[in-house]
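Chemist: Structure incoming, see below.
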Amino acid sequence: MIMLSGMAADERLFAPQLARFPNLRVQPWVQPFPGEALRGYASRLARLVDPGRPCIVGGASFGGIVALEMAPHLSALGCVLIGSVRSPLELPWRWRYLAPLAELGPDRVAVLTRTAAHWGNGVFARATLRRLERLSRPEAAFVRWAMCAVVRWRSRPATGRTRVFQIHGALDRTLPVERTRPDVIVPAGGHALTLFSPAAVNEFLAAVVRGLTDQMRPKPALRPALPSPPDRSRR
38 MIMLSGMAAD
48 ERLFAPQLAR
58 FPNLRVQPWV
68 QPFPGEALRG
78 YASRLARLVD
88 PGRPCIVGGA
98 SFGGIVALEM
108 APHLSALGCV
118 LIGSVRSPLE
128 LPWRWRYLAP
138 LAELGPDRVA
148 VLTRTAAHWG
158 NGVFARATLR
168 RLERLSRPEA
178 AFVRWAMCAV
188 VRWRSRPATG
198 RTRVFQIHGA
208 LDRTLPVERT
218 RPDVIVPAGG
228 HALTLFSPAA
238 VNEFLAAVVR
248 GLTDQMRPKP
258 ALRPALPSPP
268 DRSRR
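See below:
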């Protein structure tokens, strides 16, 4: 089972799951190439993680989106979405408003956020200024690319053929549950389900693994029915 974290997170996001599932692997993010789109990035990442046998791929938030794009390039039995979405149509409307920024590209977004953080005192709230300043830092390069990649994301038929298993928090404000179609809704769950609703996520993953494992087991061959012996009583 291969999992991907959110765009600003790492394997610590899956600490409760790593403790529960010995065959779980959390793949670190690799640096995107200049101008690389989400689909190309997912294809390249799939080649890096491909175990060469049937597997389960999935992720939390942005990681689920990338996992969905990776699935057609793997022998994926299914894709697990944890606080994520199945298509660009399920993204909140506020992501659409970022389209002009996405067209600038990650590097220009860095310049823009740095300028806004420097000159925005009195215009933006302090919390907003802090977020803009963090987003402009060199170490936030992957986050800037990921934001642009999500805004430019377009669904395709191949991902629609992937079997999806989805769990979502009822109180998720980042990706509201009303816009998507989860199999399981965690009543008190927010966006970081793996950390704050670990029991629900672990139970869901165990059910997915159990169901897919049962499907892979060869079914016992049916023994052909033997013909009935001839009735000799009438002779």
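The working numbering runs 37 ahead of the 1-based position in the sequence shown.
We put the beta carbon where it would ideally sit given N, CA and C, even for glycine.
Note that the structure is a prediction, hence the values are computed from the model and not measured.
Is it the case that the region 44-61 contacts the region 96-111, given that we only count it when at least three CB pairs across the two stretches are under 8 Å?
Modeler: yes
Chemist: Taking the DSSP output, what are the residues bridged to MET40?
Modeler: DSSP lists VAL63 and GLY95 as partners of MET40.
Chemist: Please state the DSSP three-state secondary structure of GLN68.
Modeler: coil
Chemist: Does DSSP classify VAL122 as helix, strand or coil?
Modeler: coil
Chemist: Look at the alpha carbon of THR199 and the alpha carbon of ALA178, and state the distance between them as a whole number of angstroms.
Modeler: 30 Å
Chemist: Output the boundary residues of the alpha helix (DSSP H) element that contains GLY248.
Modeler: 235-253
Chemist: Write down the C-beta distance between ARG216 and GLU127 rounded to the nearest angstrom, noting that I regard them as a contact closer than 8 Å.
Modeler: 5 Å
Chemist: What does a CB cutoff of less than 6 Å around LEU114 pick up in its chain, not counting 5 residues either side in sequence?
Modeler: PRO91, ILE93 and LEU249
Chemist: When you compare the CB positions of LEU208 and ILE119, do they come within less than 7 Å of one another, or not?
Modeler: no
Chemist: Helix, strand or coil for HIS205, going by three-state DSSP, please let me know.
Modeler: strand
Chemist: Buried or exposed: which applies to ARG254, given that a residue is buried once 16 or more other Cβ atoms fall within 10 Å of its Cβ?
Modeler: exposed
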